[in-house]
Amino acid sequence: MTGTQKVLLAVEGITKAYPGVVANSDVSFEIREGEVHSLLGENGAGKSTLVKMIYGLVKPDSGRMTLRGGAYEPRKPGEARASGVAMVFQHFSLFDALNVAENVALGMENPPRLAELASRIRQVSEEYGLPLDPSRLVGDLSAGERQRVEIIRCLLQDPKLLIMDEPTSVLTPQEVDILFKTLRQLSAEGTAILYISHKLEEIRALCDSATILRRGKVVASCNPREKTARELAELMVGETLTPPARTGKAPGPVALDVTGLSVASPNPFGTSLQNIHMTVQKGEILGIAGVAGNGQDELLLALSGEIRTAADAVKIDGRGVGDLGPNERRRAGLVAAPEERLGHAAAPDMSLTENALLSGAVRKELVKGGMIDWPATRTFAEGVVKDFDVRTPGIGTAARALSGGNLQKFVIGRELSQEPSVIVVNQPTWGVDAAAAASIRQALIDRAAAGAAVVVISQDLDELLEIADRFCALNGGRLSAPRPVQGLTVDEIGLMMGGAHGMEVAHVHA
Amino acid sequence: MFMLEKRPSPSRFWTGATPILAVALTMIAGGILFALLGKNPLEAIRTIFFDPLFGDNAWYYRAQLLVKAGPLVLIAIGLSLGFRAGIWNIGAEGQYILGAICGAAVGLAFYPAQHWYIFPLMILAGALGGWAWAMIPAVLKTKFGTNEILVSLMLVYVAQNLLAEMAIGPLRNPQGSGFPGSRDLSQYPSAANLELIPGTGIHWGVIAAFVAVIAAYVLLQRHILGFQIRLAGQAPRAARFAGVKPDRLVLICMGLSGALAGLAGMFEVAGPAGKISIDFASGYGFTAIIVAFLGRLHPVGILLAGLLMALTYVGGDIAQSNLGLPSAAIQAFQGMLLFFLLAVDLLSNYRIRFGLKEAR
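Protein chains in written order, with numbering that gives the first Met the number 0: chain W, 0 to 509; chain P, 0 to 359.
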């Protein structure tokens with residue numbers, strides 16, 4: 000449908016600079032009515048800044064935008080919405096303790112009465128194949144259903160342009176199919192979609208055209224269907240990518256043994272773990288997939304020792320450690336890297352040196368007789384920074400001043416530098432640029448090759464298929480039986496992840 | 000129209016400058032308050048801040064400064080450890096009273112015997128009394144999840160009634176012809192907390208305060224417990240990841256602050272106050288909260304803040320007697336100091352932008 004439709008939104012020479020970094024430099028592109036247009040780029044390429052300007056959250060330094068030929072200068076999201084531009088964010092802004100209709104009403108300028116709104120939600124959700132009960136509590140919904148709340152909130156305002164920021168990162172493959180049907184239906188009705196993602200296969204399946212950003216500049220525009228995923232990736236990164244190297248080695252004895260692990264979630268809307276069994280051998284990487292909020296956080300806490308259980312539920316090298324805390328488990332050889340970098344894996348306002356002490360104190364013997372050995376701690380921190388190529392002005396820098404990718408390299412590096420025998424990581428490359436992600440994956444593989452048992456919890460299927468030896472999925476706090484990665488199909492993986500959560504594949508008329 | 004913009008990292012300049020700015024703003028607002036009371040504001044400010052240091056009777060007031068600052072610093076150091084960890088002991092006043100009661104009771108139990116070990120035993124009893132009183136909110140919090148702010152605060156009122164009961168009951172001076180109040184411990188050599196160097200105001204409580212400042216500094220900079228305290232306050236989830244047991248930290252921090260407050264009470268009752276009386280409690284435990292924040296929860300800052308607060312006490316007394324300012328006005332003046340400090344604290348984490356701006 001490209002070429003024939005009228006131009007809906009034109010962005011011309013937009014530039015936006017922040018202190019120390021030019022987020023967008025002379026960016027131009029066009030979206031036509033009914034077009035599915037992809038904005039492609041690594042983390043930090045400037046995609047978010049660009050769409051924030053289109054959505055009125057950020058004001059450009061220079062350049063102009065036109066909407067249907069008229070000047071378009073939204074000063075706040077309300078004005079963007081009034082002009083027919085709607086956005087679904089990567090991180091949802093929903094209240095767990097309110098129901099669907101109440102949440103939708105909170106996001107509207109002039110919400111109708113709740114009963115009327117509920118019937119409209121029902122109507123729109125059926126029309127677009129996104130079934131949703133307006134009276135359910137948001138806290139009880141799966142991540143995919145929450146996204147539906149956000150999408151329907153947008154659709155109720157009858158948008159001309161729908162911006163979606165990384166919408167599939169929280170979905171199972173089956174849910175992705177349903178979402179794509181909806182998006183294609185919207186596109187057929189003339190709604191343009193600006194689709195932000197770094198998942199190349201999806202973009203090739205869904206989008207009519209793509210604008211590729213690198214370091215704030217447009218480096219290419221293309222029809223993604225005419226390119227291979229590899230070509231797109233190289234346009235995006237600007238260099239040739241080498242996939243991680245693996246050495247085929249037979250795994251050794253069991254290092255981590257989890258038997259009948261059941262844990263009540265510490266959070267009211269969390270997912271409790273139910274009767275989890277798994278074993279990981281030395282030299283092996285076990286990949287655990289799952290949509291966000293299916294017990295990943297709880298599993299990490301139960302393995303790291305932040306949640307304690309019966310002693311025999313978790314065994315390291317045959318020794319029961321389930322009733323021990325994090326430091327005793329570190330002593331036994333287990334290190335962990337939680338998903339949330341700032342606030343959980345690292346203290347935001349503390350220096351890298353202090354953050355090195357945070358989890359390295361036990362295994363690196365940085366505390367003697369209660370007193371901290373700061374020189375040894377600094378040496379350890381410097382070693383991590385050097386070995387894992389952490390870009391920072393120095394080890395005295397506060398953790399929150401580092402970029403996400405650099406902090407993640409530091410956190411992973413801190414754990415891997417402790418010669419652990421068991422490694423548990425949750426979302427090791429979330430929000431990390433491709434080069435840093437590749438080096439983190441390589442480091443995990445290297446540790447496994449050196450004889451560590453590695454558990455990688457991730458929502459990135461490509462990542463797991465790339466580095467894991469065996470694969471299983473968390474769904475509603477239960478862990479599926481592990482399968483060798485070789486020979487797994489995407490459909491099988493999707494079923495292990497629970498298929499399409501809480502819905503029969505909907506009746507889509509399109 | 001102005002708006003606040005979060006700084007990428009806290010401003011070093013404003014972290015140091017806000018206490019000074021807060022003192023300046025307090026002087027201005029306090030001056031207005033005094034003017035409204037019909038006093039000359041400049042004279043009142045001079046009486047409070049200048050006279051104790053450089054006035055006619057400064058030799059006496061300077062000693063008083065250390066006498067007042069000692070307990071404030073001692074209590075504030077203990078509180079600051081908890082505050083840094085996000086544990087809010089608001090009941091230091093109660094722990095101070097209990098320390099005084101226990102310390103005095105041990106001393107009076109030996110009266111009139113003379114032994115070298117009586118005073119050390121009193122120190123121990125004072126610390127234990129404050130510690131035990133602080134353990135009540137601490138244990139309730141760890142066992143039942145009660146709020147330590149409410150429980151510790153309410154226990155202050157219990158302690159005040161206990162103090163009154165002691166003054167007219169068990170600890171009353173048998174030779175006091177029925178008047179409330181205990182024997183004067185400062186007249187009982189084995190139990191007296193005497194001025195160590197005449198004319199300076201330095202007694203054992205002042206020494207203890209200095210020791211506490213140094214010990215707290217070392218604890219926070221070098222000891223793993225100090226690191227855990229800072230970590231728990233800044234990032235509770237990271238603290239659990241680092242193996243910090245939150246309940247243990249509550250018990251340690253509440254216990255330490257209670258013991259130090261108890262010590263302060265014991266040194267006070269055996270020295271400057273001399274005896275258990277109904278009006279023994281003078282609000283040091285509450286003022287120490289201001290001192291802790293005014294000193295940015297930093298040991299050295301607390302030392303300076305304690306001296307400043309002592310200055311407002313001593314100067315306030317002079318202003319009361321010389322200028323006839325009501326004591327409530329002096330308390331309001333001290334309250335303003337905390338109010339302004341918390342208000343301008345904003346500047347260390349935010350910058351103020353003037354002008355109309357809809358979007359950045």
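Here a beta-carbon is modelled for each residue, glycine too, at the ideal position from N, C-alpha and C.
field: Whether glycine 232 of chain P touches glycine 37 of chain P by CB criterion (8 Å)
entry: On the second sequence, residue 232 of chain P is found 233 positions in, with the first residue counted as 1. On the second sequence, residue 37 of chain P is found 38 positions in, with the first residue counted as 1. No. Outside cutoff.
Reduced DSSP category for glutamine 426 of chain W - H, G, I as helix; E, B as strand; rest coil: Against the first sequence, residue 426 of chain W aligns to sequence position 427. Looking at glutamine 426 of chain W - three-state DSSP - the assignment turns out to be coil, as it is neither helix nor strand.
- request: Return yes when the Cβ of glycine 395 of chain W is within less than 8 Å of the Cβ of arginine 340 of chain W, no when it is not.
  value: Along the first sequence, one-based indexing puts residue 340 of chain W at 341. Along the first sequence, one-based indexing puts residue 395 of chain W at 396. No, these two residues do not count as a Cβ contact at 8 Å.
- prompt: Got a sec: is the Cβ-Cβ distance from asparagine 266 of chain W to anything in chain P below 8 Å?
  reply: Along the first sequence, one-based indexing puts residue 266 of chain W at 267. For asparagine 266 of chain W, the answer is no, since every Cβ of chain P falls outside 8 Å of its Cβ.
field: Continuous alpha helix (DSSP H) assignments of at least 4 residues falling wholly in the stretch 314-382 of chain W
entry: 325-331, 351-359
Straight-line Cα distance separating arginine 224 of chain W from threonine 488 of chain W: As a first step, residue 488 of chain W is located in the first sequence; it is residue number 489 there, counting from the start. As a first step, residue 224 of chain W is located in the first sequence; it is residue number 225 there, counting from the start. Distance between the alpha carbons of threonine 488 of chain W and arginine 224 of chain W is about 22 Å.
query: Who are the near neighbours of isoleucine 360 of chain P in its chain, counting only those whose CB is closer than 7 Å to its CB and skipping five residues on each side?
result: As shown, chain P starts at 0 and ends at 359. That puts residue 360 of chain P outside it, with no answer to give.
Cα-Cα separation between glycine 106 of chain P and glutamate 327 of chain W, rounded to whole angstroms: Start at 1 with the first residue of the second sequence, and residue 106 of chain P comes out as number 107. Start at 1 with the first residue of the first sequence, and residue 327 of chain W comes out as number 328. Taking the straight line from one Cα to the other gives about 46 Å.
query: Should glutamate 305 of chain W be flagged as near chain P, meaning a C-beta pair shorter than 8 Å?
result: Mapped onto the first sequence, residue 305 of chain W falls at position 306. Yes, glutamate 305 of chain W counts as interfacial toward chain P.
field: proline 245 of chain P - DSSP class collapsed to helix/strand/coil
entry: Sequence index remark: in the second sequence, residue 245 of chain P carries index 246 (1-based). Proline 245 of chain P falls in the helix class under three-state DSSP.
field: Member of P:Thr141, P:Leu262, P:Pro18 whose CA lies at the smallest distance from the CA of leucine 336 of chain P
entry: Translated into the one-based positions of the second sequence, residue 336 of chain P becomes position 337. Of P:Thr141, P:Leu262, P:Pro18, the residue nearest in Cα terms is P:Pro18.
Sheet register partners of proline 483 of chain W (DSSP bridge): By 1-based counting over the first sequence, the position of residue 483 of chain W is 484. Paired residue(s): W:Arg469.
message: Is there a Cβ of chain P sitting closer than 8 Å to that of alanine 345 of chain W, yes or no?
response: Position 346 of the first sequence, counted from the start, is the residue given in the question as residue 345 of chain W. Yes, because at least one Cβ of chain P sits closer than 8 Å to the Cβ of alanine 345 of chain W.
message: Using only the alpha-carbon positions, how far apart do glutamate 29 of chain W and serine 82 of chain W sit?
response: Within the first sequence, residue 29 of chain W is the residue found at index 30, counting from 1. Within the first sequence, residue 82 of chain W is the residue found at index 83, counting from 1. Cα-Cα distance, rounded: 17 Å.
- request: Pick helix, strand or coil for serine 256 of chain P, following the three-state DSSP scheme.
  value: For the purposes of this step, residue 256 of chain P is taken as the residue at position 257 of the second sequence. In the three-state DSSP reduction, serine 256 of chain P falls in the helix class (H, G or I).
task: Identify whether leucine 478 of chain W lies in helix, strand or coil by the three-state DSSP scheme.
output: Indexing the first sequence from 1 puts residue 478 of chain W at position 479. Strand, per DSSP.
message: Among the candidates P:Lys142, P:Val212, P:Ile47, whose CA atom is the shortest distance from the CA of methionine 431 of chain P?
response: Because chain P here runs from 0 to 359, residue 431 of chain P falls outside it and cannot be looked at.
- request: Indicate whether glycine 55 of chain W and methionine 235 of chain W have their beta-carbon atoms separated by less than 8 Å.
  value: On the first sequence, position 56 is the one that residue 55 of chain W refers to. On the first sequence, position 236 is the one that residue 235 of chain W refers to. No Cβ-Cβ contact shorter than 8 Å links glycine 55 of chain W with methionine 235 of chain W.
- prompt: Name the DSSP bridge partner or partners of tyrosine 216 of chain P?
  reply: The residue you call residue 216 of chain P lines up with position 217 of the second sequence. Partner(s): none; tyrosine 216 of chain P has no beta bridge.
- request: Label aspartate 55 of chain P either buried or exposed according to how many other C-beta atoms from any shown protein chain fall within 10 Å of its C-beta, with 16 as the threshold for buried.
  value: Within the second sequence, residue 55 of chain P is the residue found at index 56, counting from 1. Looking at its Cβ environment, which holds fewer than 16 other Cβ atoms inside 10 Å, aspartate 55 of chain P is exposed.
query: With burial defined as no fewer than 16 other Cβ atoms inside 10 Å of the residue's Cβ, what is the status of lysine 536 of chain W: buried or exposed?
result: No statement about residue 536 of chain W is possible, as the shown extent of chain W runs from 0 to 509 and does not include it.
- request: Please confirm whether isoleucine 13 of chain W and proline 59 of chain W have their CB atoms less than 8 Å apart.
  value: Your numbering for residue 13 of chain W matches position 14 in the first sequence. Your numbering for residue 59 of chain W matches position 60 in the first sequence. Closer than 8 Å, so yes.
- prompt: leucine 39 of chain W lies in the beta strand (DSSP E); which residues open and close that run?
  reply: Start at 1 with the first residue of the first sequence, and residue 39 of chain W comes out as number 40. Its beta strand (DSSP E) spans residues 35-39.
query: CB-CB under 6 Å to alanine 117 of chain W, same chain, minus the five flanking residues each way: which ones, in chain order?
result: Taking the first residue of the first sequence as position 1, residue 117 of chain W is located at position 118. Result list for alanine 117 of chain W: Ala100, Pro133, in chain order.
- request: Note down the Cα distance separating serine 303 of chain W from valine 257 of chain W, rounded to an integer number of angstroms.
  value: Walking along the first sequence from the start, residue 303 of chain W turns up at place 304. Walking along the first sequence from the start, residue 257 of chain W turns up at place 258. Roughly 12 Å separates the two Cα atoms.
message: Counting only Cβ-Cβ distances shorter than 8 Å, please list the residues of the stretch 206-224 of chain P near chain W, keeping chain order.
response: Arg221, His222, Ile223, Leu224
field: Contacts that serine 358 of chain W makes with chain P (C-beta to C-beta distance below 8 Å)
entry: Position 359 of the first sequence, counted from the first residue, corresponds to residue 358 of chain W. What serine 358 of chain W touches in chain P: Phe240, Ala241.
- request: Give the interface partners of isoleucine 371 of chain W over in chain P, defined as CB-CB distance under 8 Å, in chain order.
  value: If you number the first sequence from 1, residue 371 of chain W lands on position 372. What isoleucine 371 of chain W touches in chain P: Arg221, His222, Ile223, Phe226.
query: aspartate 445 of chain W to glutamate 418 of chain W, Cα distance in whole Å?
result: Here residue 445 of chain W is taken as the residue at index 446 of the first sequence, counted from 1. Here residue 418 of chain W is taken as the residue at index 419 of the first sequence, counted from 1. Just so you know, the alpha carbons of aspartate 445 of chain W and glutamate 418 of chain W end up roughly 12 Å apart.
- prompt: What are the start and end residues of the alpha helix (DSSP H) that includes aspartate 50 of chain P?
  reply: In the second sequence, counting from the first residue as 1, residue 50 of chain P sits at position 51. 50-53 is the span of the alpha helix (DSSP H), which, as asked, contains aspartate 50 of chain P.
query: Going along the chain, which unbroken runs of the alpha helix (DSSP H) with 4 or more residues stay wholly within the stretch 185-217 of chain W?
result: If we require 4 residues or more, the alpha helix (DSSP H) runs fully inside the stretch 185-217 of chain W come out as 199-205.
- request: Provide the residue span of the beta strand (DSSP E) that contains valine 84 of chain W, from first to last.
  value: Position 85 of the first sequence, counted from the first residue, corresponds to residue 84 of chain W. Bounds of the beta strand (DSSP E) holding valine 84 of chain W are 84-87.
- prompt: At what residues does the alpha helix (DSSP H) containing valine 148 of chain W begin and finish?
  reply: Along the first sequence, one-based indexing puts residue 148 of chain W at 149. That run of the alpha helix (DSSP H) goes 142-154.
task: Using 10 angstroms around the beta-carbon of phenylalanine 226 of chain P, count the other beta-carbons present and answer buried if the total reaches 16, otherwise exposed.
output: In the second sequence, counting from the first residue as 1, residue 226 of chain P sits at position 227. Flag for phenylalanine 226 of chain P reads buried.
task: List the endpoints of the continuous beta strand (DSSP E) containing arginine 352 of chain P.
output: Position 353 of the second sequence holds residue 352 of chain P. Arginine 352 of chain P -> beta strand (DSSP E) spans 349-353.
task: Output the boundary residues of the beta strand (DSSP E) element that contains glutamine 273 of chain W.
output: In the first sequence, the residue the question calls residue 273 of chain W occupies position 274. Looking at the DSSP string, the run of the beta strand (DSSP E) that includes glutamine 273 of chain W is 272-280.
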